[in-house]
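**Q**
In this note's numbering, the protein residues as written are -11 to 138.
1. What's the C-alpha gap between residue 134 and residue -3?
2. Please return the same chain residues whose Cβ sits closer than 7 Å to the Cβ of residue 121, not counting the five positions on each side in sequence.
3. Let me know the alpha helix (DSSP H) ranges lying completely inside the region 36 to 88, each 4 residues or longer, listed in chain order.
4. Quick check on the burial criterion: 16 or more other C-beta atoms within 10 angstroms. Buried or exposed for residue 113?
5. Enumerate in chain order the residues of its own chain whose CB-to-CB distance from residue 65 is below 6 Å, with the five nearest sequence positions on each side excluded.
6. Which class does residue 14 belong to by DSSP, given the choice of helix, strand or coil?
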């Protein structure tokens, strides 16, 4: 069965991460060994597509990946998965009115909000209007406290 169909099947059946990692022969890999394995992109797709299917909030995705502090977050292997989810939601934002953006991106811990702003800036959302509508004033304040800018 092609990998794309297997991923859809795993999502539909609600398979846990451990099951998918085992099937993709990723179990026990960490760091670069994990993220540079050719199968990691399929695990990433499994996570992102699963969240999109559930219409999961960014906070749900964040909590699922169990992040703690900003300094640690961007070094964690699975941060790429969260970053990909934000990227997909950013694409989705192109097709909806800006007043709905906060439904996609709003909420979360201060660390999560700062991470979202960093990712959105990396994706070209550099003005305060866009990021403010996406993460709210709380997100902008969290970011400005961390980096002393908006």
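Heads up, the beta-carbon is just placed ideally off N, CA and C, and yes, glycines get one too.
**A** Taking the geometry as given:
1. 41 Å
2. 86, 89 and 90
3. 46 to 53, 58 to 61 and 67 to 81
4. buried
5. 22 and 23
6. coil
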